[in-house]
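To convert, count from 1 in the sequence shown and add 1; that's the numbering used here.
Beta carbons are placed, not taken as given, at the ideal position from N, Cα and C, and that holds for glycine.
Read through the structure below, which is laid out as structure tokens, and then see the notes.
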Amino acid sequence: MTAIDPKALRNAFGAFATGVTVITTRQDDGTPRGFTANSFTSVSLDPPLLLVCLAKSAHSATTFATAPHFAVNVLAEDQKAVSGLFASREASKFNQCDWHAGAGDVPLIDGALAQFACARENLVDAGDHLILIGRVVDFATAEGNPLGYFKGRYFSIGLEDGLVKAAAQNRRTRVGAVLACGDAVLMEADSTGRLSLPLAPGPAANIDTLRARLAALGLTAEVEFLYAVFDDRADQGHGIYYHGQVSGTLPAAFHLIPLADLAAAPIAHAAEAQMLHRYAEEYKHGSFGVYQGNETTGTVRRLAGAH
Ligand SMILES: Cc1cc2nc3c(=O)[nH]c(=O)nc-3n(C[C@H](O)[C@H](O)[C@H](O)COP(=O)(O)O)c2cc1C
């Protein structure tokens, strides 16, 4: 039997795209407790059962293992910050979000797409996790798009579709990619040495033609996530940029520019320079959002919808 590398296994588990939930309960003295979980699974309709896996190492493990009730809150696409909050070890998570008490006095997170209040049915010991099985005693649902999680990053179906469709209406849309190789990004130099991100060939530029061009160049590139959609006023067009990874031999005119050197690099387009500045900042913190706006004043949408 081959030895299982836990890190590689975690990455492989991450290939299963999920939603994101916050699991909540109260400790004995009534203090609300909660943690972010994507291991939620519906189990049975009759009786109504669900489960979630909780790491034994979590601060709240003992509380959840003994509490008579808990709730599952399925997060909406504008609740990335809520996910981050409950994945942290902050002491006062519930002071920083809106919530109310539901059946069994469980804390329910406002704005969630679905909330299930449960009585603890069973607790199964499973390796370094506990499987918490709950019997649904009450539930509610709301309209909206879910917050998604895939390979360690958030995604949002609704927001990305809308942004890409809106921007793609514009004939002067530039479709490109921020392709990382460690702490460097791939850039293409023109005859004067000015640098640009790799772009899809026009006029019908889209993610497929972008991928085809990268493959034709002999690059091994995985274009994974929508990274930025913006109005480029200098260019009177739109920019749609994806994020991904690149490896392999670099074709002529392509360079890997270390993030630390970007500020001084001769980047041809102001919009790309601005976006790469944000990329370098996000790389430091390991979190990526979808950017929407114009080339200088947009906001990184924490997948913040219309509310
Ligand atoms: C998207 C996402 C999904 C997560 N899923 C789980 C999970 O299913 N089970 C778990 O125990 N921890 C999971 N975590 C980690 C916990 O949220 C994190 O360890 C948290 O600090 C636990 O809170 P506590 O230590 O205050 O109990 C997840 C984190 C994120 C960002």
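Check: Proximity of asparagine 146 and leucine 114 at Cβ, strictly below 9 Å; Outcome: yes
Check: Collapsed DSSP secondary structure at glutamine 80 in the structure displayed; Outcome: coil
Check: Alanine 307 - DSSP class collapsed to helix/strand/coil; Outcome: Because alanine 307 sits at a pLDDT of 25, beneath the cut-off of 50, its placement in the model cannot be relied upon, and the following sentence gives the value as read from the coordinates. DSSP places alanine 307 in coil when its eight states are reduced to three.
Check: Reference threonine 63; option with closest CA among Thr26, Pro267, Arg279, Gln246; Outcome: Thr26
Check: Cα-Cα separation, proline 7 to alanine 185; Outcome: 27 Å
Check: Unbroken beta strand (DSSP E) run spanning arginine 212, endpoints; Outcome: Not the beta strand (DSSP E): arginine 212 falls in the alpha helix (DSSP H), residues 208-217.
Check: Contact test: histidine 60 Cβ vs ligand 1 heavy atom, cutoff 8 Å; Outcome: yes
Check: For isoleucine 309, the three-state DSSP class (helix, strand or coil); Outcome: The structure shown does not extend to residue 309, since the chain is modelled only from 2 to 308, so the question has no answer here.
Check: Beta-ladder partner(s) of glycine 177, from DSSP; Outcome: Leu200, Tyr242
Check: Alpha-carbon spacing of proline 267 relative to histidine 256, whole angstroms; Outcome: 13 Å
Check: Beta-bridge pairing of cysteine 119 - partner residues as DSSP gives them; Outcome: Phe71, Val137
Check: Heavy atom of ligand 1 within 8 Å of leucine 55 beta-carbon; Outcome: yes
Check: Reference alanine 229; option with closest CA among Gly153, Ser248, Leu277, Tyr284; Outcome: Leu277
Check: Identity of the residues DSSP links to isoleucine 5 by a beta bridge; Outcome: The partner list for isoleucine 5 (beta bridge, DSSP) is empty, contrary to what the question assumes.
Check: Inter-residue spacing [alpha-carbon to alpha-carbon] between valine 137 and leucine 50; Outcome: 6 Å
Check: Classification of leucine 1 by the beta-carbon crowding that lies within 10 angstroms, buried from 16 upward; Outcome: Here the chain comprises residues numbered 2 to 308, so residue 1 is not present and cannot be evaluated.
Check: Cβ-heavy atom distance, phenylalanine 117 to ligand 1, below 8 Å; Outcome: no
Check: Residue range of the unbroken beta strand (DSSP E) whose run includes serine 40; Outcome: Here serine 40 belongs to no beta strand (DSSP E), and DSSP marks it neither H nor E.
Check: Three-way DSSP call (helix, strand, coil) for alanine 190 in this model; Outcome: strand
Check: Rounded C-alpha distance that separates valine 301 from proline 252; Outcome: Caution applies to valine 301, whose pLDDT of 49 falls short of 50 and renders its modelled position unreliable; the value that the coordinates give is listed next. About 32 Å.
Check: Bridge partners - alanine 113, DSSP secondary structure assignment; Outcome: The partner list for alanine 113 (beta bridge, DSSP) is empty, contrary to what the question assumes.
Check: Rounded separation between serine 106 and alanine 66 - CA only; Outcome: Looking at the sequence itself, residue 106 is aspartate, so the reference to serine does not match. Distance between the alpha carbons of aspartate 106 and alanine 66 is about 17 Å.
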